[in-house]
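Protein chains in written order, with our numbering: chain A, 375 to 667; chain B, 375 to 667.
Each residue gets a CB set at the ideal place from its N, CA and C atoms; glycine is no exception.
These numbers were taken from a predicted model, which means no experiment stands behind them.
Some notes on the structure that comes next.
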């Protein structure tokens, strides 16, 4: 139970880890921007991340508030990539406290996390979503996930195999039950019922993970490294391929599905809007260019 | 109360009116496409409406089903404009029947309507939304509305005055209480709470109108004519003005707000998705090109 502010300090090392991961991701992605040798499709400039801090409006909760830092890059490989770290604390509303584990009789919460969304210039490189978080009410748990959204699902077999193989390996190192369960959760979650379509090629999605704090923490750290390594590899493999106008158009239409999912179904978006989060941070995931037919 | 199919025939003239209005709108908008004398901003071809019929999957309700016809045009003035007419009938689900007037003890319904959304190439011409409908449960009522979404709200004073003046005049011909009430309803409805922003410059929005069937029907017909006449005039006034890249970019960002509204808050979208309506018809309103920063 969160009794006083000093209790938060106990978990500062988790925030620190997300901070370091953010720096590592930004540095790796900037290297990728630099590494593009030639692009026939693109005349944008080499991207560099820009940071923007935001503060959360305190609610009535004890020592409430917090905030975060958004890092955004618009480049020549990454059309738009955002990496957000945030640490927020406060007291859930009546509506929320019945929905969040461990908040029913004590609505105080503390949450720290990192989230990333990348939309690529190339329609041959999937968009990526990655997120890990630690939430504390009267319970403590980790959650997160990683998944990819290619323009053409039926032509992404090898990317999908590679991505899933790596996620499975990391999951298996901790518990052989994780991968099948988290893969299924991801498939069920990233689904557009109105179109009867999957959002992408899947990945993993997990929440309420409280098996063993130390092990869970290591798992979450490892998932971050696995995501970064595999996605960087997927980008590097396709970075110098050119694409057609038709492929670019198809990508913009596919991004429409992404927007539909995020605004109609995404729990994070709904959570953010309901808790009056930072609008720019909540909508960081929305693509820079989208089309609907 | 809807007892048998012949009862529907009693209201065929309303469907016929929406059908005629659709034809009139399409013909007028095609004339506008032809009338563009010169455009420095645009190399699209002259647009022509294409029709696409769709059928609604019957539910368990008596003589249920129905369908509609979408008319879509991609042109050089109209970047994308859709006019949809539909007539659907069936039986509301348990969830819906408690929400819809007159459906609680008899869930049968019949609904006929027309809806229009126009997204213009020129960022100097507002996007338009117009809709009128007749709904029959154990009650009969009309609903509808018309509103405009300019790129720059603070620079649209004269368009706004002209549009509102004409709507007010038509409303006043029927009941001086209509305009103030329907304008307020429109302002409250087309609002994005998460951004604390209006969607556009407003207009009118009305529902559950059952003052006097014959008068209500004339009012709804008149609103259709007023919308078509005023919007066509607004287009014609701005049709030959050129615009900057910056203005076009701002328009695409503004369209993002439009998408946010439609997916997060619009009742019609939610109604369509919940009653398994035609996805293309429901999402006809979504802009052809959109940006988020």
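Discussion item. Please report the straight-line C-alpha distance between residue 657 of chain A and residue 385 of chain B, rounded to a whole angstrom.
Written reply: In a straight line, the C-alpha of residue 657 of chain A is about 45 angstroms away from that of residue 385 of chain B.
Worksheet item: How should residue 521 of chain B be labelled, buried or exposed, when 16 other C-beta atoms within 10 angstroms of its C-beta is the threshold for buried?
Response: Buried, since its Cβ has 16 or more Cβ neighbours within 10 Å.
Worksheet item: On the premise that residue 517 of chain A lies in contact with residue 575 of chain A, defined as a C-beta separation below 8 angstroms, what is that separation, rounded to the nearest angstrom?
Response: A Cβ-Cβ separation of about 21 angstroms leaves residue 575 of chain A out of contact with residue 517 of chain A under the 8 angstroms criterion.
Discussion item. Going by DSSP in three states, residue 526 of chain B sits in which element: helix, strand or coil?
Written reply: Coil.
Worksheet item: Is residue 577 of chain B helix, strand or coil when you go by DSSP?
Response: Correct three-state label for residue 577 of chain B: strand.
Worksheet item: Taking one C-beta from the region 577-597 of chain B and one from the region 549-556 of chain B each time, how about it: are there three or more such pairs within less than 8 angstroms?
Response: Contact holds: three or more Cβ-Cβ distances are below 8 angstroms.
Worksheet item: Going along the chain, which residues of its own chain have a beta-carbon closer than 8 angstroms to the beta-carbon of residue 609 of chain A, five neighbours each way excluded?
Response: Exclusion of the five residues before and after residue 609 of chain A leaves 406, 451, 494, 499 as the residues of its chain whose Cβ lies within less than 8 angstroms of its Cβ.
Discussion item. Against chain B, with Cβ distances strictly below 8 angstroms, would residue 457 of chain A count as a contact?
Written reply: Not closer than 8 angstroms to any Cβ of chain B, the Cβ of residue 457 of chain A fails to qualify, so no.
Worksheet item: Is the beta carbon of residue 622 of chain A sitting closer than 8 angstroms to the one on residue 524 of chain A?
Response: With respect to residue 524 of chain A, residue 622 of chain A sits apart: the two C-beta atoms are not nearer than 8 angstroms.
Worksheet item: At a Cβ threshold of 8 angstroms, is residue 503 of chain A touching chain B?
Response: No, because no Cβ of chain B sits closer than 8 angstroms to the Cβ of residue 503 of chain A.
Item to complete: Could you pull the start and end residues of the alpha helix (DSSP H) that residue 490 of chain B belongs to?
Response: First-last for residue 490 of chain B: 482-494, but that is the beta strand (DSSP E), not the alpha helix (DSSP H).
Fill in: Pairwise C-alpha distance: residue 630 of chain A and residue 626 of chain B
Cα to Cα, the separation comes out at about 14 angstroms.
Item to complete: Name the residue from A:514, A:459, A:438 whose alpha carbon lies nearest to the alpha carbon of residue 425 of chain A.
Response: Among A:514, A:459, A:438, the Cα nearest to that of residue 425 of chain A is on A:459.
Worksheet item: What's the gap between the Cα of residue 655 of chain A and the Cα of residue 594 of chain A?
Response: Here the C-alpha atom of residue 655 of chain A lies approximately 22 angstroms from the C-alpha atom of residue 594 of chain A.
Worksheet item: If you check the beta carbons only, do residue 614 of chain B and residue 411 of chain B fall under 8 angstroms apart?
Response: Yes, the Cβ-Cβ distance between residue 614 of chain B and residue 411 of chain B is below 8 angstroms.
Worksheet item: Are the C-beta atoms of residue 653 of chain A and some chain B residue less than 8 angstroms apart?
Response: Output row for residue 653 of chain A: interface = yes.
Worksheet item: For residue 507 of chain A, which of helix, strand or coil comes out of DSSP?
Response: Reduced to three states, the DSSP call for residue 507 of chain A is strand.
Discussion item. Given this structure, state the Cα-to-Cα distance separating residue 551 of chain A from residue 404 of chain A, to the nearest angstrom.
Written reply: So the alpha carbons of these two residues sit roughly 35 angstroms apart.
Worksheet item: Which residues in the same chain have their Cβ closer than 7 angstroms to the Cβ of residue 391 of chain B, if we skip the five residues on either side of it in sequence?
Response: Here residue 391 of chain B has 595 as same chain residues with Cβ atoms under 7 angstroms from its own Cβ, once five neighbours each way along the sequence are excluded.
Worksheet item: Looking at the C-beta of residue 637 of chain B, does it have a partner C-beta in chain A at a distance below 8 angstroms?
Response: Flagged as an interface residue toward chain A: residue 637 of chain B, by a C-beta distance shorter than 8 angstroms.
Practice prompt. Put residue 666 of chain A into one of helix, strand or coil per three-state DSSP.
Written response: Residue 666 of chain A: coil per DSSP, three-state reduction.
Worksheet entry | Contact belief for residue 445 of chain A with residue 507 of chain A at Cβ below 8 angstroms, rounded distance in angstroms | No, residue 445 of chain A and residue 507 of chain A are not in contact; Cβ-Cβ is about 17 angstroms, not under 8 angstroms.
Worksheet entry | For residue 571 of chain A, the nearest candidate out of A:634, A:533, A:618 (CA to CA) | Nearest C-alpha to residue 571 of chain A: A:634.
Worksheet entry | Same chain, Cβ closer than 6 angstroms to residue 504 of chain B, neighbours up to 5 away in sequence not counted | Within the same chain, residue 504 of chain B has close Cβ partners 490, 520, 601.
Practice prompt. Please check the pair residue 650 of chain A and residue 431 of chain A, which I expect to be a contact at CB under 8 angstroms, by giving their CB distance rounded to whole angstroms.
Written response: Residue 650 of chain A to residue 431 of chain A, Cβ: 6 angstroms. Contact.
Worksheet entry | CB contact below 8 angstroms: residue 657 of chain A versus chain B | Interface residue, yes.
Worksheet item: When the cut-off is 8 angstroms and only beta carbons count, does residue 625 of chain B lie next to chain A?
Response: Taking Cβ atoms only, chain A never reaches closer than 8 angstroms to residue 625 of chain B, which makes this a no.
Fill in: residue 385 of chain A (DSSP reduced to helix, strand or coil)
Looking at residue 385 of chain A - three-state DSSP - the assignment turns out to be coil, as it is neither helix nor strand.
Practice prompt. Over the uninterrupted alpha helix (DSSP H) stretch that includes residue 470 of chain A, give me the two end residues.
Written response: Following the DSSP letters along the chain, one finds residue 470 of chain A inside the alpha helix (DSSP H) bounded by residues 468-471.
Worksheet item: Thinking C-beta only, is residue 461 of chain B closer than 8 angstroms to residue 476 of chain B?
Response: 8 angstroms or more divides the Cβ of residue 476 of chain B from the Cβ of residue 461 of chain B.
Practice prompt. Give the straight-line distance between the Cα atoms of residue 617 of chain A and residue 389 of chain A, rounded to the nearest whole angstrom.
Written response: Cα to Cα, the separation comes out at about 40 angstroms.
Worksheet item: Can the beta-carbon of residue 540 of chain B be found closer than 8 angstroms to that of residue 512 of chain B?
Response: No. Outside cutoff.
Fill in: Pairwise C-alpha distance: residue 642 of chain A and residue 393 of chain A
Cα-Cα distance, rounded: 20 angstroms.
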